[in-house]
Structures are given as C-alpha cells and as structure tokens.
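Reviewing the structure listed below.
Numbering (our numbering), first residue to last: 22 to 211.
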C-alpha cells in the first residue's frame, strides 16, 4: 500500500505560521516583501525565517504656518426612545411592584439570609477554634483523625447539605411562582 506524502513548502511559499495573516497577504499581494514583516527564505529541505527590517518612525508633515485648532464636537443629542421601550419598562415596574413578585422575593430572602449567616458563623467558629484552641483541635477522635480534621470535613459536608437544601427550597417554594410570573410578563410584553 503506498504511503501518503505530506506536503512541505515549496519554492516561494511561506512556512512561518507565526506571521500575521494580514502582513503575509500584504507582502504577497504586491509581489514585494513588506518591510517590518517576517518573511521566510526557503532552502532545499528547510525554511529559515529572516529578521524583520528595523522600523523607521514616521515623521508627521504639518505645515508650520497653519496652527491646528481643535474643533468642538457636536453636542450629543439623546435618541428618542421607541414606544415599545417605555411599555416594557412599565411592564417590568408593574411586575416588580406586584404582590406575587414580592412573595417570591420574600421567600428567597427568608431562606438565604439566615442560612448564609449560620454558615458564615460556623466557618468563623472553625477558624477561631483553630487559632484559639490548638490543643483542643489536636485531640484525637479516631486513629489519625483529630478534631480539626473532623470539623474541616464537616465544613465540606455542610456546604453540600446547604446546596441541596437551597435547591429543594427553590424547587418547592419559588420556581413555579417565578415561572408563572415570567409567562405573565412575557404575555404582557407581546
């Protein structure tokens, strides 16, 4: 079975993959190499990149007799809001003020704030115990595990437990009401 040959760059082809495509197209479009871009010199069996030409700073040509005075930009004119934008803003404000939205928000806050406070207090108690009572934290519990290891692993367990509780709370108390409110809002926007 014949082997498939891979193509290699031939005479005059570019092989330097790191060169910018815009610079490559600019140098090949005119037929002359573009100064300041990398070009490749092809030798039999190998491609060797050449160094870019040193950049020559451009000297701006400004007439000496004509002083440049900046022209003030025209004042920005606020665009008129389309009629639909005012209606959607009013719809969202009405929804936000509705009793259903406030119930969803109250339910969210009544779960998240106490649970976040309890978890933060639990974490800070663990850190404070590490700093204030190192002898207590070194007390062995079972084999190589001490109180510090046990409390540290309980930090992970409590994180997963709180995540599960949050998802269950959202699913049972808020998701249906929020979805209903969303559909009502979408109907009002049509």
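For each residue, glycine too, the CB sits at the ideal point set by N, CA and C.
Check your understanding: Does the Cβ-Cβ distance between residue 198 and residue 121 come in under 8 Å?
Key -> In the chain shown, residue 198 corresponds to position 177, counting from 1. In the chain shown, residue 121 corresponds to position 100, counting from 1. Taking 8 Å as the Cβ cut-off, residue 198 and residue 121 qualify as a contacting pair.
Point to revise | Closest by C-alpha distance to residue 145, when choosing among 185, 173 and 129 | key: The residue labelled residue 145 in the question sits at position 124 within the chain shown. The candidate whose alpha carbon is nearest that of residue 145 is 173.
Exercise for review: Assess, as a yes-or-no matter, whether the segment 149–165 is touched by the segment 116–133 under the definition of 3 or more beta carbon pairs within less than 8 Å.
Suggested key: Result no; under three Cβ-Cβ pairs closer than 8 Å.
Point to revise | Within 8 Å, strictly: CB atoms of residue 183 and residue 140 | key: Looking up residue 183 in the chain shown gives position 162. Looking up residue 140 in the chain shown gives position 119. Taking 8 Å as the Cβ cut-off, residue 183 and residue 140 qualify as a contacting pair.
Exercise for review: Go through its chain and collect everything with a Cβ distance to residue 113's Cβ below 8 Å, but skip five positions before and after it.
Suggested key: The residue given as residue 113 occupies position 92 in the chain shown. For residue 113, where only same-chain residues beyond five positions count, the Cβ hits under 8 Å are 206.
Point to revise | residue 193 classed as buried or exposed, judged by whether at least 16 other C-beta atoms fall within 10 angstroms | key: Against the chain shown, residue 193 aligns to sequence position 172. Result: exposed.
Check your understanding: Between the C-alpha atoms of residue 135 and residue 196, what's the straight-line distance to the nearest angstrom?
Key -> Here residue 135 refers to the residue found at position 114 when the chain shown is read from its first residue. Here residue 196 refers to the residue found at position 175 when the chain shown is read from its first residue. When only Cα atoms are considered, residue 135 and residue 196 end up about 20 Å apart.
Review point. Out of curiosity, what's the CA-to-CA distance linking residue 150 and residue 131?
Key: For the purposes of this step, residue 150 is identified with residue 129 of the chain shown, where counting begins at 1. For the purposes of this step, residue 131 is identified with residue 110 of the chain shown, where counting begins at 1. Separation of residue 150 and residue 131 (C-alpha to C-alpha, rounded to the nearest whole angstrom) is 29 Å.
Practice item. Tell me whether the beta-carbon of residue 117 lies closer than 8 Å to the beta-carbon of residue 147. Key: Within the chain shown, numbered from 1, the residue matching residue 117 stands at position 96. Within the chain shown, numbered from 1, the residue matching residue 147 stands at position 126. Contact flag unset, no.
Check your understanding: Ordered along the chain, which non-local residues of its own chain (more than five positions away) have a Cβ less than 7 Å from that of residue 109?
Key -> As a working note, residue 109 is residue 88 in the chain shown. Excluding positions up to five away in sequence, the list reads 210.
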